[in-house]
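Counting from 1 along the sequence shown, just add 89 to a position and that's the residue number in the working numbering.
A virtual CB, placed ideally from N, CA and C, is assigned to each residue, including glycine.
What follows is a set of notes on a single structure, which appears directly below.
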Amino acid sequence: DYMRYRQSIDAVRPLLRELKILGEYEGK
């Protein structure tokens, strides 16, 4: 279902962004 796929992407994207920020912070 495309709409369910879109909703899951929108729900996960902020989490992935936070993980990316944490990874860059720990890398410094």
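Rounded C-alpha distance that separates residue i from residue j
i	j	result
A100	R93	10 Å
I98	L105	10 Å
E113	E107	10 Å
I110	R102	12 Å
G127	D90	The chain is shown only over 90 to 117; residue 127 falls outside these bounds and no answer can be derived.
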